[in-house]
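So the sequence lines, in the order shown, correspond to chains A and B.
The working numbering applies: residue 548 is where the first sequence begins, and numbers increase by one.
The working numbering applies: residue 838 is where the second sequence begins, and numbers increase by one.
Beta carbons are placed, not taken as given, at the ideal position from N, Cα and C, and that holds for glycine.
None of these values were measured; they are calculated from a predicted model.
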Amino acid sequence: MTFAEEINGYIGRKRYRLINSVLFWQDSEILAENYYNGFTAHSRNVLRSVAKSIMSLAAGIALDRGLLPGLDTPAADYIPVLREGRDPLHPLITVRHLLTMTSGIYWNGGIHYHCPMMEQMRRSGNWLSHIADCAVTDLPGTRCNYKEFDVILLAAVLEAVCGDLYGFIERELYAPLGIRSGRWYKSPCGVCYSVGSGEDADELPSALTAREMLQLGRLCLDGGTFEGWRIVPEKYLREALSPSSTDPGYGFLFCLGDGWYAFRGYGGQRIYVFPENRLIAVIQATPSPRGMAYDDVIQHGRTLLGLS
Amino acid sequence: MKDEYIRIKNARIHNLKGIDVSIPRHKLTVITGVSGSGKSSLAFDTLYEEGKRRYLMFSDTQFMIDAAPSFDSITGLSPTVAVEQRIIRQSNPRSTVGTRIKISQLLAALFTNYGERDPSFNDGQPLDISMFQRGSAKGMCVKCLGRGTAHLIDEAALLADRQQLICDIACGLGRRSSTSGMLSEFGKQYGFDLASSRVGDLTPEQLALLKYGDQGKSRFPGMIPWITMLTNGALSTSGRLARLLTQDGTMSQRTCPKCLGTGLGEQAAHTTFHGKTITELENMYIRDLYEFFSTCGERNPLLDELRTKLSCMIEVGLFHLALSRPLPTLSGGEIQRLFLASYTITEMDSIIFVFDEPTIGLHETEKENLIRIIRRLTDSGNTVVAVEHDENFMRAADYIIDIGPDAGVRGGMKIYEGGFAEFLKCRESRTAPYLTAEKGFPVKTVFRPAGEKRLILTHANTHNLKDVSVSLPLGVMVGIAGVSGSGKSSLISDTLVPKLKEALKNKCVTGEEEDPPAIPRHLPAALAGSEALRRCYVIDQRPIGRSRTSCPATYTGIFDRIRAMFAATETASERGWTAGMFSVNSAGGCRRCKGDGVIHYHVGFGNFVDIPCESCGGSGYMPEVMDVLLDSKNIREILEMSVDEAKDFFSGRDTNIFRLLDILQRVGMGYIRLGQATPTISGGESQRIKLAKELARGKNTKDALYILDEPTTGLSFSDSERLMQLLDELVEQGASVLITEHDPYILSSCDYIVELGPGGGTDGGSVIAQGTPAQLRRNPFSVIGKYLKSPAG
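Following this line, the structure appears as structure tokens:
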């Protein structure tokens, strides 16, 4: 049985019916590329929080271009509602805090991360104004609390410095990697947020194919270069993929583990990179709370390859 | 043939001396006896615990670990529910009357389905029930997180004193260990020293840095962000700084500017039902709310359900509460009736209800109503067992069980079991004689005349008070009467006490060091005559101490002396042990259970079982501490002693301890154990312990004012009599006593009564009668008058 068939069998045995694509790549060679539920190499799956890591790469590029003066720049410099004195802690929030989920703004993720707080925000007329009204319950920079608000604020900062965030991503990141995507959703208040309201119509344009996901992994594996071209500054990427001071399992919008780092999105969207083995694994799935479990497919693949 | 009795054989928990009792099913049984005689051990620790255990085991929801059996057999049990006061005191501080009884959920559903939306906030998407629930992340105001209030720092006031040292800003914040390191580092970088530089020495740039920080370059975030963090955010654990700054005037609590105090998000704040928002409805008195729903002329299943529930609340006498009222602010009696209301709503039968003094805090007229409701429970097939001291309640009972004769080791025997009529003839009982003319409760016949010295409170308008002006005579015992919600607390706790605090400053002792930061506001009232007072003691029913390990011994301070005595023993000094070794909170605490004496095991589904800690055998102390003996008793054994026993033990050994125990005994607390954990101490007990502590200080009581709230709560007739004698002695020594009270016996023993009323809530708030008990008995406007006791014979 081939490696691809073994992975197939494993997914079948585990009854992971919502997985749509699995791709294993090692050192320029595709080891397995399986599609399910009628999906093909050309089918697209939503990004969910994979978009966070993509925004982190965009922040690195903006820094390199000199658009963003530095990571310790106050977010309030670019977001006027944070300058209105709605909370005495707002001036302390920096871009670095947004990248490390340490803005200190209150967040309640709800059960299975269904984000009850997003509903109030979406129903408010102005997302940024709503976030600026939220209580700041931790001193900025002191506690990593995974939340959407920080990424939305980061999007607002990047929108301000890059002019048009999605256009910037498309030009500076996607085009060199050969990625073709639709425009990301933009809120009425001008925030670029790929999930949008959570409706398919908002989110689907930002979807990527499994091979496009692979390209993002390869970019990181090669230290920010792609086929010899420098795209993301090396220094930034190194920092982004190192543990932050507040959470050893989190860098700049990247999940980190022992010997790996990952772009991870809700419901099983995964790009895992194992730099020592030059191994990349991609999973895409129809989002469901079960997505957390699919990581064992990657673990199984590594076992078959004799890597663990 | 089905047995018509619940039969308990050889009950022997705590001080019970192997007694057999029978409790008739489907009847109302009252268990009487002096405080500490073993009533609760029988009703709660034996009957309720076993009834609950069997039901839970049967229904498979929980497994229980069998402790040593405390009885031989109990037959005739059915599912048992306890309606206790003290356990329920420890509830979630965010629960309110409405959430507890699930009316808030119904209201939320009503607004979701029938609410009228403000077109300018209508986003076309349907409403969600959680939008009307403060506790839900979808519904709560994101700024105040559902609290409705926020702290506001007055930046100008914070730095107004140009002479203060940097480390003294914000009540010495810079001297605290959490701040000093950070701040001194910050000062070094920007050229000032926190211990010698003064606010006036700083340049405007330095001042700005100090206030707002250097945008994260240093660890210190700036005074304003740091104080905000300590008072509003996740670091605000104690509330002490907020309290200090509030007293200092540099911080105020204001209504949340985003939700305007509703605690809810935008959608909820702009949805109404017949013109009212959900917050407005939750703030209405329950009776007015019922009225509102009855007259709104609409019918739907939710409204019908709401009306039913509200009428049950009114029936149990809770018409004067609002749904938004936080549960922890209710009195024990109110909480108990709240639970009673939820049971009457469910309409179950064949349940055994065990009540703990259900009449507490009720006016005579309300008691009659309560007895009627409890009667309805038995009529529909339930069994009710109540521990009770109230005379009328006993008279209404089908069956009486008297435990005694005295407290602690001198109690625990069954004195009587049977009908009420026969009970009156029971000579051994400490209760029965009071119920007959034979002994009766001593009722005052000679009243001390009200003299010149008076406290005059004018134009009080707090809560429901209707421009009340009263003149309270000093040097006598004054009773404040009135039905629940008539404004007694509004007048005394919420108007007179704050005014006295204002006038007497630190000479007004509230006994509570942990006052919540009061919202400084102008009280609409004026007080005169306080100059005649040298001191004022406000002795309330709030718990003594908050720590798990606090107990009467620690609260009254005698524990420090006891520990010192242990440390001075030969064994202890040989081993080089200090007093800390004899505290479970300090060096002597068991490492494994951290002084609890038990280990909490999670057994699934959110249930826990407590198993005695193996390391310390349940003592909470390191085993070797038990080797140290004070006249053959170790520290644990001493903490297990009741006040009565300990008084004998310390007699001639330590005069201070003896004196305090003597006073504890005189306030009726002879039965309480020195080491009894605070959470198991009722409000009435807390109050009497506080009173004892104040009295034991031995300060001159002349021209002092003692303010007490239902001081005889939970006391039997004989204990009440002793407490009243003690209070009377205080007055004899020149003190003034002011008590808020329902009990007609106690009120009859006052020299002067002020009665508020006539009803509760909007119907109350006026003085309806005042004068001596004898005058009130003749006053046609007085409600309490006809219940007051005339002198025996």
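Task: Selection from B/His-1226, B/Glu-1135, B/His-1200 and B/Tyr-1236 that minimises the alpha carbon distance to B/Arg-1690 - done: This structure cannot speak to residue 1690 of chain B, because chain B is shown only from 838 to 1630.
Task: Cβ-based contacts, 7 Å cut-off: residues of the region 626-638 of chain A near chain B - done: Pro-635, Leu-636 and Pro-638: these are the residues of the region 626-638 of chain A whose beta carbon lies less than 7 Å from some beta carbon of chain B, given in chain order.
- [ ] Give the DSSP bridge partners of A/Glu-576, in chain order.
- [x] Within the first sequence, the letter at position 29 stands for residue 576 of chain A. In DSSP, A/Glu-576 forms a bridge with A/Gln-573.
Open item on the list: Suppose only complete runs of 4+ residues qualify. What are the alpha helix (DSSP H) ranges in the region 1420-1490 of chain B, listed by chain order?
Closed with: Runs of the alpha helix (DSSP H) inside the region 1420-1490 of chain B: 1472-1477 and 1480-1487.
Open item on the list: Let me check you understand the geometry: is the CB of B/Leu-1292 closer than 7 Å to at least one non-hydrogen atom of the ligand NAP?
Closed with: The ligand NAP is absent from the structure shown, which contains no ligands of any kind.
Open item on the list: I want to see whether chain B comes within less than 8 Å of A/Met-648, judged by CB atoms only; does it?
Closed with: To locate residue 648 of chain A, count along the first sequence from 1; it is residue 101. Chain B contact via Cβ: absent.
TODO: Examine the Cβ distances between the region 1514-1529 of chain B and the region 1283-1297 of chain B and report whether three or more of them are shorter than 8 Å.
DONE: Short answer: they don't touch.
- [ ] Please work out which residues of its chain come closer than 6 Å, Cβ to Cβ, to B/Lys-1325, disregarding the five sequence neighbours upstream and downstream, and give them in chain order.
- [x] In the second sequence, residue 1325 of chain B corresponds to position 488, counting from 1. For B/Lys-1325, where only same-chain residues beyond five positions count, the Cβ hits under 6 Å are Ile-1317, Gly-1319, Thr-1577 and Leu-1593.
Task: Collapsed DSSP secondary structure at A/Ser-596 in the structure displayed - done: As a first step, residue 596 of chain A is located in the first sequence; it is residue number 49 there, counting from the start. DSSP places A/Ser-596 in coil when its eight states are reduced to three.
Task: Contact set for B/Val-1435: own chain, Cβ-Cβ below 7 Å, skip 5 residues either direction - done: In the second sequence, the residue the question calls residue 1435 of chain B occupies position 598. Answer for B/Val-1435: Asp-1447, Ile-1448, Pro-1449, Cys-1450 and Gly-1455, listed in chain order.
Open item on the list: By the DSSP assignment, the alpha helix (DSSP H) with A/Trp-674 in it spans what residues?
Closed with: On the first sequence, position 127 is the one that residue 674 of chain A refers to. Secondary structure note for A/Trp-674: its alpha helix (DSSP H) is the uninterrupted segment 674-680.
Task: Any chain A beta carbon closer than 8 Å to B/Ala-945 - done: Locating residue 945 of chain B in the second sequence gives position 108, counting from the first residue. No, no contact with chain A.
TODO: Would you list the residues sitting across from B/Ser-1573 in a DSSP beta bridge?
DONE: Residue numbering aside, residue 1573 of chain B sits at position 736 when the second sequence is read from its first letter. In the DSSP output, where bridge partners are listed per residue, B/Ser-1573 has B/Leu-1542.
Task: For B/Lys-839, three-class secondary structure by DSSP - done: Counting from 1 along the second sequence, the entry for residue 839 of chain B is found at position 2. The answer is coil: DSSP assigns B/Lys-839 none of H, G, I, E or B.
TODO: Could you tell me whether any Cβ in chain B is nearer than 8 Å to the Cβ of A/Pro-621?
DONE: Taking the first residue of the first sequence as 1, we reach residue 621 of chain A at position 74. Yes - at least one Cβ of chain B is within 8 Å of the one on A/Pro-621.
Task: C-beta neighbour in chain B for A/Thr-641, strict 8 Å - done: What you label residue 641 of chain A is simply residue 94 of the first sequence in a count that begins at 1. By this cut-off, A/Thr-641 is an interface position.
TODO: Check distances from the C-beta atoms of the region 976-988 of chain B to those of chain A and list, in chain order, the residues that come in under 9 Å.
DONE: The region 976-988 of chain B vs chain A, Cβ under 9 Å: Gly-976, Met-977, Cys-978, Val-979, Lys-980, Cys-981, Leu-982 and Ala-987.
TODO: Using three-state DSSP, classify B/Ser-1017 as helix, strand or coil.
DONE: Here residue 1017 of chain B refers to the residue found at position 180 of the second sequence. DSSP, read as helix, strand or coil, puts B/Ser-1017 in helix.
Open item on the list: Helix, strand or coil for B/Glu-1592? Go by DSSP, reduced to three states.
Closed with: Taking the first residue of the second sequence as 1, we reach residue 1592 of chain B at position 755. B/Glu-1592 falls in the strand class under three-state DSSP.
Task: chain B contacts from the region 594-607 of chain A (Cβ-Cβ distance under 7 Å) - done: If the cut-off is 7 Å between Cβ atoms, the region 594-607 of chain A has nothing near chain B.
- [ ] Verify whether the separation of the beta carbon atoms of B/Ala-1529 and B/Thr-1347 is less than 8 Å.
- [x] Within the second sequence, numbered from 1, the residue matching residue 1529 of chain B stands at position 692. Within the second sequence, numbered from 1, the residue matching residue 1347 of chain B stands at position 510. At the C-beta level, B/Ala-1529 and B/Thr-1347 stay beyond 8 Å of one another.
Task: Start-to-end residues for the beta strand (DSSP E) that takes in B/Gly-1316 - done: For this step, residue 1316 of chain B is matched to residue 479 along the second sequence. 1314-1318 is the span of the beta strand (DSSP E), which, as asked, contains B/Gly-1316.
TODO: Give a yes or no on whether 8 Å exceeds the smallest Cβ distance from B/Pro-963 to chain A.
DONE: Here residue 963 of chain B refers to the residue found at position 126 when the second sequence is read from its first residue. No, its Cβ sits nowhere closer than 8 Å to a Cβ of chain A.
Task: Within the region 1215-1302 of chain B, ranges of the alpha helix (DSSP H) (whole runs, at least 4 residues) - done: The DSSP assignment places 1228-1233, 1257-1260 and 1269-1272 as complete runs of the alpha helix (DSSP H) inside the region 1215-1302 of chain B, in order along the chain (cut-off: 4 residues).
Task: CB contact below 8 Å: B/Gly-1443 versus chain A - done: Reading the second sequence from its first residue, position 606 is the one you call residue 1443 of chain B. Low per-residue confidence applies at B/Gly-1443: pLDDT is 47, beneath 50, and the placement is therefore not dependable enough to give any value.
Task: Contact set between the region 1055-1069 of chain B and chain A, restricted to residues whose Cβ is under 9 Å from the partner - done: Residues of the region 1055-1069 of chain B with a Cβ closer than 9 Å to any Cβ of chain A, in chain order: Pro-1058, Gly-1059, Ile-1061, Pro-1062, Trp-1063, Ile-1064, Thr-1065, Met-1066 and Asn-1069.
Open item on the list: Let me see if you follow: with CB-CB separation under 8 Å, is A/Arg-670 close to chain B or not?
Closed with: By 1-based counting over the first sequence, the position of residue 670 of chain A is 123. For A/Arg-670, the answer is yes, since a Cβ of chain B falls inside 8 Å of its Cβ.
- [ ] Would you mind sorting B/Arg-1162 into buried or exposed? The rule is 16 or more other CB atoms within 10 Å of its CB.
- [x] Walking along the second sequence from the start, residue 1162 of chain B turns up at place 325. Its Cβ being crowded by 16 or more others within 10 Å, B/Arg-1162 is buried.
Open item on the list: Run through chain A and tell me which residues come within less than 9 Å of B/Gly-1050, C-beta to C-beta.
Closed with: Translated into positions along the second sequence, residue 1050 of chain B becomes position 213. B/Gly-1050 reaches chain A at Pro-638 and Leu-639, counting residues in chain order whose Cβ is nearer than 9 Å.
TODO: Compare the C-beta of A/Asp-680 against all C-beta atoms of chain B and say whether one is closer than 8 Å.
DONE: Locating residue 680 of chain A in the first sequence gives position 133, where the first residue counts as 1. It does; some Cβ of chain B falls within 8 Å.
Task: Reduced DSSP secondary structure (H/G/I, E/B, other) of A/Leu-755 - done: Taking the first residue of the first sequence as position 1, residue 755 of chain A is located at position 208. In the three-state scheme derived from DSSP, where H, G and I count as helix and E and B as strand, A/Leu-755 is classed as strand.
- [ ] Following the continuous beta strand (DSSP E) through A/Trp-807, name the residue where it begins and the one where it ends.
- [x] Residue 807 of chain A sits at position 260 when you count from the first residue of the first sequence. Counting along the chain, the beta strand (DSSP E) containing A/Trp-807 begins and ends at 807-812.
TODO: Rank B/Lys-1048, B/Gln-1000, B/Ser-1014 and B/Gly-1053 by C-alpha distance to the C-alpha of B/Ser-1034 and give the top, closest one.
DONE: Working through the second sequence from its first residue, we reach residue 1034 of chain B at position 197. Closest option to B/Ser-1034, Cα to Cα, is B/Gln-1000.
TODO: Below 8 Å on the Cβ atoms is my guess for A/Gly-812 versus A/Leu-594; work out the distance and round it to an integer in Å.
DONE: Position 265 of the first sequence, counted from the first residue, corresponds to residue 812 of chain A. Position 47 of the first sequence, counted from the first residue, corresponds to residue 594 of chain A. Confirmed, about 6 Å.
- [ ] Less than 8 Å between the CB atoms is what I'm expecting for B/Thr-1386 and B/Val-1465, so what's the real figure, rounded?
- [x] Here residue 1386 of chain B refers to the residue found at position 549 when the second sequence is read from its first residue. Here residue 1465 of chain B refers to the residue found at position 628 when the second sequence is read from its first residue. Going by Cβ atoms, the distance from B/Thr-1386 to B/Val-1465 rounds to 19 Å, so no, they are not a contact pair.
Task: Under 7 Å (Cβ pairs) to chain A, residues found in the region 1094-1113 of chain B - done: From the region 1094-1113 of chain B, only Lys-1095, Gly-1102, Glu-1103 and Gln-1104 have a Cβ closer than 7 Å to chain A.
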